[in-house]
Amino acid sequence: MNDRDARIAFNTKLTLYLFTFTLQQLDQKMKEVRRKHTIETIVKLQEYKRRHIDLTQRVIQFLKYAQILRNKGFSIENDEEALRAKLENVQSHLQQSEQFHGKLNQLWAQLQLVRESSRIYGGDEDDKGWASVSEKDMQTISKVKLKEQCLHVLSDSGYLYIFS
Numbered sequence: 001m002n003d004r005d006a007r008i009a010f011n012t013k014l015t016l017y018l019f020t021f022t023l024q025q026l027d028q029k030m031k032e033v034r035r036k037h038t039i040e041t042i043v044k045l046q047e048y049k050r051r052h053i054d055l056t057q058r059v060i061q062f063l064k065y066a067q068i069l070r071n072k073g074f075s076i077e078n079d080e081e082a083l084r085a086k087l088e089n090v091q092s093h094l095q096q097s098e099q100f101h102g103k104l105n106q107l108w109a110q111l112q113l114v115r116e117s118s119r120i121y122g123g124d125e126d127d128k129g130w131a132s133v134s135e136k137d138m139q140t141i142s143k144v145k146l147k148e149q150c151l152h153v154l155s156d157s158g159y160l161y162i163f164s
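Laid out in structure tokens, this is it:
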């Protein structure tokens with residue numbers, strides 16, 4: 001019986017070893033399949049995202065074009081007409097205002113003087129030069145600069161060419 005018990009124990013250990021080995025092989029194969037699947041999925045997902053972005057951009061371009069064609073030939077609405085009239089009024093006042101041009105030239109000359117004195121005396125114009133400009137003049141410079149930028153943006157966007 002001793003010999004039989006030894007063979008049973010040996011067969012049990014051998015079977016257990018074979019099952020363990022087979023499970024390890026299956027585990028390795030599953031990990032490899034998961035890794036391959038994950039990589040392929042990520043690549044496909046990135047490609048689909050890129051395609052989606054491209055198609056979205058194409059749809060947006062198409063919708064913009066369709067909207068332009070849809071509105072072609074229609075007259076502008078009342079609120080658009082009122083805004084156009086206000087912008088025409090502002091532009092004409094600014095172009096005709098000698099006071100505006102005079103003040104702008106005066107402030108520009110003052111700014112150039114500050115810069116030149118800063119260059120001559122070796123100071124930093126941000127530190128010393130602006131101290132000679134009054135707070136009221138700084139506000140005026142800011143307002144004028146803002147108006148110029150608004151007019152520049154409007155003229156670049158094509159809104160002011162209608163009014164010229």
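When we follow UniProt numbering, the leftmost residue of the sequence shown carries the number 1, and every step to the right adds one.
Yeah, the Cβ is synthetic: ideal placement off N, Cα and C, and Gly gets one too.
Among the options, which has the Cα closest to the Cα of residue i?
i	options	result
lysine 103	Asn11, Lys143 and Ile42	Lys143
glutamate 148	Tyr121, Thr22, Lys136 and His101	His101
Which same chain residues, not among the five before or five after residue i, have their C-beta less than 6 Å away from its C-beta?
i	result
leucine 55	none
arginine 34	none
isoleucine 141	Leu107
Within the same chain, show all residues whose beta-carbon is closer than 8 Å to that of residue i, passing over the 5 residues directly before and after it, in chain order.
i	result
isoleucine 60	none
Q. Is it a yes or a no for the region 62-81 touching the region 106-114, going by three-plus beta-carbon pairs under 8 Å?
A. Contact fails between the region 62-81 and the region 106-114, because fewer than three Cβ pairs, one in each stretch, are under 8 Å apart.
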